[in-house]
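Enquirer:
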Amino acid sequence: MSGHSKWATTKHKKAVLDAKRSKNFAKLIKNVEVAARLGGGDPDGNPTLYDAIVKARKNSVPNDNIERARKRGAGEEAGGSDWQSLFYEGYGPGGTALYVECLTDNRNRAAGEVRTALSRNGGTLADPGSVSFLFARKGVVLVEKGNLTEDDLLGVVLEAGVEEINDLGDTFEVLCDPSDFPAVRDALRGENIEYDSAEVEFQALSKVEADAETARKALKLVDALEDCDDVQNVFTNMDISEEVLAELEAD
1 MSGHSKWATT KHKKAVLDAK RSKNFAKLIK NVEVAARLGG GDPDGNPTLY
51 DAIVKARKNS VPNDNIERAR KRGAGEEAGG SDWQSLFYEG YGPGGTALYV
101 ECLTDNRNRA AGEVRTALSR NGGTLADPGS VSFLFARKGV VLVEKGNLTE
151 DDLLGVVLEA GVEEINDLGD TFEVLCDPSD FPAVRDALRG ENIEYDSAEV
201 EFQALSKVEA DAETARKALK LVDALEDCDD VQNVFTNMDI SEEVLAELEA
251 D
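The opening position of the sequence shown corresponds to residue 1 in the UniProt record's numbering, with each subsequent residue numbered one higher.
#1: Examine the Cβ distances between the stretch 139 to 148 and the stretch 180 to 199 and report whether three or more of them are shorter than 8 Å.
#2: Any contact between the stretch 98 to 110 and the stretch 222 to 236? By contact I mean 3 or more CB pairs, one from each, below 8 Å.
#3: Measuring CA to CA, which of Thr214, Leu118, Glu242 and Arg57 is closest to Gly226?
#4: Less than 9 Å between the C-beta atoms of Gly79 and Ala36, yes or no?
#5: Hey, Leu248 and Gly92 are a contact pair by Cβ (cut 8 Å); roughly how many whole angstroms apart?
#6: With 16 as the cutoff for other CB atoms within 10 Å, does Pro178 come out buried or exposed?
#7: Looking at C-alpha atoms only, which residue of Ser60, Val34, Val61 and Lys58 is the closest neighbour of Thr48?
#8: Short check: CB of Ala204 to CB of Asp186, under 9 Å?
#9: Is it the case that the stretch 49 to 65 contacts the stretch 80 to 90, given that we only count it when at least three CB pairs across the two stretches are under 8 Å?
#10: So Arg109 and Leu125 are supposed to be a Cβ contact under 8 Å. How far apart are they, rounded?
#11: Just the Cα atoms here: how many angstroms apart are Lys27 and Asp64?
#12: Report the rounded CA-to-CA distance for Thr171 versus Glu76, giving the unit in angstroms.
Laid out in structure tokens, this is it:
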């Protein structure tokens, strides 16, 4: 039932560091606005909005900013944007696959940003369908360990439809089919188990292990893409071994 992905660990640590950047604040706020627009402005009746607010708060986004985004999305306050969800596909160093999720109010700007980030950092834009088949949508919940054991967690989410629990060090990663995601999330909340984030995202169906040089270049490319205002998430099939991760951390 348990696995351990070094790339997942790296990604989680990276997310914690990125959360300190103001640009990431904007992306978290955008998630709140979109969730309120799609499902209503009441967090108690809109689980996606609830999770977007929780994630923003855990990443130190000011409450006033969160509340204004919720109101804009719900139509309680003027100024909301017409956000569109777009995906771009590409290849990075070493042939690693990239699936880039954007949330934008300007399709041309988003396409230009992604194309520029790829071309300047050893990547290439791919035709639609070239990469997407390498990824599958998964419900992903990150749960802080605290005093929680894997058996404890499994007992809570097993009947809800959990597929896998990965040990990421200080955190458990709970994976499930998107159709089971609401039940898994509700099972955790029913037992008052707090989680860092709960989202449906894309995960690689098979991983490509990267050597140190490829990993350095690929991570630089991922950083460049994530620095784009319109990019919300970057998914890759790259995996990093324990040895390579140690080498990178020693740089």
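Heads up, the beta-carbon is just placed ideally off N, CA and C, and yes, glycines get one too.
No experiment lies behind these values; they were computed from the predicted model shown.
Expert: So, from the listed chains and residues:
#1: yes
#2: When Cβ pairs closer than 8 Å are counted between the two stretches, the stretch 98 to 110 is seen to touch the stretch 222 to 236, the count reaching three or more.
#3: Taking the sequence shown and counting its residues from 1, one reaches residue 226 at position 226. Position check: residue 226 holds Glu in this sequence, whereas Gly was assumed. Considering only alpha carbons, the answer is Leu118.
#4: The count along the sequence shown starts at 1 and reaches residue 79 at position 79. The count along the sequence shown starts at 1 and reaches residue 36 at position 36. In this structure, Gly79 sits away from Ala36, with a CB-CB distance that is not shorter than 9 Å.
#5: As a first step, residue 248 must be located in the sequence shown, where it is residue number 248. As a first step, residue 92 must be located in the sequence shown, where it is residue number 92. In fact, because the Cβ distance is near 16 Å, the residues do not count as touching under 8 Å.
#6: Reading the sequence shown from its first residue, position 178 is the one you call residue 178. That one is exposed.
#7: As a first step, residue 48 is located in the sequence shown; it is residue number 48 there, counting from the start. Nearest option by C-alpha distance: Val34.
#8: Here the question's residue 204 lines up with position 204 in the sequence shown. Here the question's residue 186 lines up with position 186 in the sequence shown. Cβ distance not < 9 Å, so Ala204 and Asp186 don't count as in contact.
#9: No: the two stretches stay apart, fewer than three of their Cβ pairs being nearer than 8 Å.
#10: Here residue 109 corresponds to residue number 109 of the sequence shown, with the count starting at 1. Here residue 125 corresponds to residue number 125 of the sequence shown, with the count starting at 1. So it is not a contact: roughly 15 Å between Cβ atoms.
#11: What you label residue 27 is simply residue 27 of the sequence shown in a count that begins at 1. What you label residue 64 is simply residue 64 of the sequence shown in a count that begins at 1. Their backbone Cα atoms lie some 15 Å apart in a straight line.
#12: Here residue 171 corresponds to residue number 171 of the sequence shown, with the count starting at 1. Here residue 76 corresponds to residue number 76 of the sequence shown, with the count starting at 1. Near 37 Å, if we compare the C-alpha coordinates of Glu76 and Thr171.
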